[in-house]
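Right, one structure below, let's go through it.
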Amino acid sequence: MNSKRSLIGRTAAVAAAGAAALVLAACGGGGDSSAGHDGHSMKSPSASASASQGQHNAADVTFAKGMIPHHRQAIEMADLALSRAESVEVKKLAGDIKKAQDPEIKTLSGWLTSWGEEVPAEGATDHSMHGGGGMMTAEEMRQLKESSGKAFDTAFMEMMIKHHEGAVEMAEAEQTDGVYAPAKEMAGRIITSQSAEIEQMNKLLGKN
């Protein structure tokens, strides 16, 4: 009787061990499958669609909200140069700045709207809004408006170099901290184009 019970016990133990082995095998061999199911639960079709459209984060919002008033002020300065500058090169530069930045304002505004964020109001060019960023103060803008001829050209380029340097810093921060691919791409274009314009203005000022 004891031996029969012992046999039954051993059989049960073997069966339990076999079941445990099957469970372990399922966990080990099916790990990828299980992870896949977990992955699907974490990444639903709607989440995947959202990812394909492009996720954004706080850095992307900061970039867009900061760059809009920054670009607006650059265009305001460029408009002054188109009517007041003496140098043909400065007038052409001003035209290039306006041509590049005006469409970017529209794009940045569209992103903010699609994200449910508020677009900075017209005239919101207070440099304190986004930590400076090379923005001109009201006094600097007044001085520029009161200049003309060669004095205007010099003041415009010196201010625009500072302005561009601020934009490049903002764009570099976006490339480092942002996640929205189109914003990072725009940041790359800003870095390339405005760095080239900084070099051009330095040459015109005789600093290179």
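Residue numbers (mature numbering (1 follows the signal peptide of the UniProt record, and there is no 0)): -25 to -1, 1 to 183. We put the beta carbon where it would ideally sit given N, CA and C, even for glycine.
Run the CB neighbour count on Lys40, radius 10 Å, all protein chains shown included, and call it buried at 16 or more, exposed below. Indexing the sequence shown from 1 puts residue 40 at position 65. So Lys40 ends up on the buried side.
Can you tell which of Met135, Met134, Lys137, Glu160 has its C-alpha closest to the C-alpha of Ala146? Counting from one through the sequence shown, the residue named residue 146 turns up at place 171. Nearest C-alpha to Ala146: Glu160.
When the Cα of Asn32 is compared with those of Met132, Trp90, Lys137, which residue comes out closest? To locate residue 32, count along the sequence shown from 1; it is residue 57. Of Met132, Trp90, Lys137, the residue nearest in Cα terms is Trp90.
Three-state secondary structure assigned by DSSP to Ala60: Start at 1 with the first residue of the sequence shown, and residue 60 comes out as number 85. Strand.
Look at Ile80 and His46 and say whether their C-beta atoms are less than 7 angstroms apart. Within the sequence shown, residue 80 is the residue found at index 105, counting from 1. Within the sequence shown, residue 46 is the residue found at index 71, counting from 1. Yes, the Cβ-Cβ distance between Ile80 and His46 is below 7 angstroms.
With 16 other CB atoms within 10 Å as the buried threshold, where does Arg59 fall? On the sequence shown, residue 59 is found 84 positions in, with the first residue counted as 1. Buried: at least 16 other Cβ atoms inside 10 Å.
Where Gly109 falls, given that 16 or more other Cβ within 10 Å makes a residue buried: One-based indexing of the sequence shown puts residue 109 at position 134. Gly109 should be labelled buried.
Under the three-state reduction of DSSP, which class applies to Met111: helix, strand or coil? Here the question's residue 111 lines up with position 136 in the sequence shown. Reduced to three states, the DSSP call for Met111 is coil.
Status (buried if at least 16 other CB within 10 Å, exposed otherwise) for Gln30: As a position in the sequence shown, residue 30 is number 55, starting the count at 1. It counts as exposed.
What residue range does the alpha helix (DSSP H) around Asn32 cover? Numbered from its first residue, the sequence shown carries residue 32 at position 57. Premise fails: Asn32 is in no alpha helix (DSSP H) and is neither H nor E.
Helix, strand or coil: which one does DSSP assign to Met17? As a first step, residue 17 is located in the sequence shown; it is residue number 42 there, counting from the start. In this predicted model, Met17 has a pLDDT of only 42, less than 50, meaning its place in the structure is not dependable enough to derive any value.
Is the separation between the beta-carbon of Ala69 and that of Ala53 shorter than 7 angstroms? Position 94 of the sequence shown, counted from the start, is the residue given in the question as residue 69. Position 78 of the sequence shown, counted from the start, is the residue given in the question as residue 53. Contact flag set, yes.
Is it right to say Val63 is buried, meaning 16 or more other beta carbons lie within 10 angstroms of its own, or is it exposed? In the sequence shown, counting from the first residue as 1, residue 63 sits at position 88. Exposed: under 16 other Cβ atoms inside 10 Å.
Among the residues of its own chain, which have a CB less than 6 angstroms from the CB of Gly124, if the five just before and after it don't count? Within the sequence shown, numbered from 1, the residue matching residue 124 stands at position 149. These residues qualify, in order along the chain: Glu61.
Which same chain residues end up closer than 8 angstroms to Gly141 when comparing Cβ atoms and leaving out the 5 residues on each side of it in sequence? Reading the sequence shown from its first residue, position 166 is the one you call residue 141. Cβ neighbours of Gly141 beyond the five flanking positions: His45, Gly107, Gly108, Gly109, Met110.
Specify the secondary structure class of Lys178 as computed by DSSP and reduced to three states. To locate residue 178, count along the sequence shown from 1; it is residue 203. Helix at Lys178.
Given a threshold of 16 other Cβ atoms within 10 Å of its Cβ, counted over all protein chains shown, does Leu180 qualify as buried or as exposed? The residue given as residue 180 occupies position 205 in the sequence shown. By the neighbour-count rule (16 or more Cβ atoms within 10 Å), Leu180 is not buried but exposed.
Distance check for Pro95 and Thr112, CA to CA, integer angstroms please. One-based indexing of the sequence shown puts residue 112 at position 137. One-based indexing of the sequence shown puts residue 95 at position 120. Here the alpha carbons of Pro95 and Thr112 stand approximately 18 angstroms from one another.
Judging by CA-CA distance, which residue of Leu57, Glu93, Ala56, Asn177 is the nearest neighbour of Ile136? Here residue 136 refers to the residue found at position 161 when the sequence shown is read from its first residue. Taking only the C-alpha atoms, the option nearest Ile136 is Asn177.
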